[in-house]
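Structure, as structure tokens:
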Amino acid sequence: MGQTISQRIVDALPFLDDMADRVQPKVQQAVQAGGTSLRNALDGTPMELPLHPALTDVPLGSWSAALIFDGLDVATGSKAMRNAADATLAVGIAGGVAAAVTGFSDWRYLSGGSRRMGMAHALLNSAGLGLAVASLALRATGHRNAGRLAFLAGFSLTGSSAHLGGELSYNHGLRVNRNAFEPRGPESFVTVMGEGELPETGTRQVSAGGVDVLLARATSGEVCAIAATCNHLGGPLSEGVREGDTVVCPWHNSRFDLHTGQPIDGPAIFPQSRYETRVRDGNIEVRAAKENIQEKVR
């Protein structure tokens, strides 16, 4: 059938698209209103890692500990176990809020099936977080057993949501480095174009050893070369806008340094593969740099 169980279930819920149509523009506006620094922080660009998956470990880990402490409290009646359960539940709630904010930020540019699954992921997580808050309130007002039941229900929803999050990463390829799946490129220098064909401004896309390479002449006169496919979601950098010695992806506005391939603005978090260049006999030649991700995973 070509679909996972999760995909079939999510695709059978058309209200998810209607909800996403209403929510996604508001999320985009909110993130954009925060400015470039906030957007980069939410994306994890300064740390060179996706922030949302890292933050999800906090609620999942804390709530798993709370589940154990609740069991020990029931078995022993220990006040220390009871306090530990409440404390780890509270830590998980704080982490859950942070994870939700970064998760919505990651979701803001998705479309199609990945957007739909992301909406289901968010709804389950929000319901689980709401039940965790209700559980803490019930415990604080002396309704401990009801609080435990609310927490168990919320933890079950969060666990189901975590599975959808894994599906988004491992099946839909969200927040992975697309350049890792590109060909390595030439190991020795190959000619790609005449030096005179490269303009002083703008960019040119060429093919070298089966990989698309973006060429540009830096303001210093140096010829730079990076992968032409944006590692975020596969946008064509050759159609992007060049600004100084950077290029901006036309799909989601990730900005890359043309010298190094490093991301300057997200949502991209990984560097573009880089290619060494030289001019020989009036021709531009390129070869893959040794630090490229393709060299590390094959």
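For the sequence shown, my numbering assigns the number 287 to the initial residue and increments by one for each residue that follows. All C-beta atoms, glycine included, are put in the ideal place defined by N, C-alpha and C. Note that the coordinates shown come from a computational prediction; the quantities given were computed from them, not determined experimentally.
(message) Taking only three categories from DSSP, how would you classify T546?
(response) coil
(request) Would you tell me roughly how many angstroms separate the C-alpha atoms of P472 and H449, rounded to the nearest one? (result) 39 angstroms
(request) Could you tell me the distance, in whole angstroms, from the CA atom of D343 to the CA atom of T427? (result) 28 angstroms
(message) Please return the same chain residues whose Cβ sits closer than 6 angstroms to the Cβ of W393, not counting the five positions on each side in sequence.
(response) Closer than 6 angstroms at the Cβ level, and outside the excluded window around W393, lie G404.
(request) Tell whether a beta-carbon distance below 7 angstroms holds between L460 and C510. (result) no
(request) Please list, in chain order, all residues of the same chain as Q558 whose beta carbon is under 7 angstroms from its beta carbon, the five residues on each side excluded. (result) N465, I512, A513, N517, F542 and G547, listed in sequence order.
(message) Taking a contact to mean a Cβ-Cβ separation below 7 angstroms, would you say E562 touches T477 in this structure?
(response) In this structure, the beta-carbon distance from E562 to T477 does not fall below 7 angstroms.
(request) Identify the continuous alpha helix (DSSP H) that holds S474 and give its terminal residues. (result) Careful: S474 lies outside any alpha helix (DSSP H) and carries neither H nor E.
(request) Please go through the same chain and pick out, in chain order, the residues whose beta-carbon is closer than 6 angstroms to the beta-carbon of L415, but skip the five residues on each side of it. (result) G382, listed in sequence order.
(request) Return helix, strand or coil for I570, following the three-state DSSP convention. (result) Residue state, collapsed to three classes: strand.
(request) Look up A494 in the DSSP assignment and say whether it is helix, strand or coil. (result) strand
(request) Consult DSSP for E529 and reduce its assignment to one of helix, strand or coil. (result) strand
(message) Would L443 and A413 be called neighbours here (beta carbons separated by less than 7 angstroms)?
(response) yes
(request) Kindly identify the DSSP beta-bridge partner or partners of E562. (result) R573
(message) Quick check: S524 and T489, are their CB atoms within less than 7 angstroms of each other?
(response) In this structure, S524 places its C-beta atom within 7 angstroms of the C-beta atom of T489.
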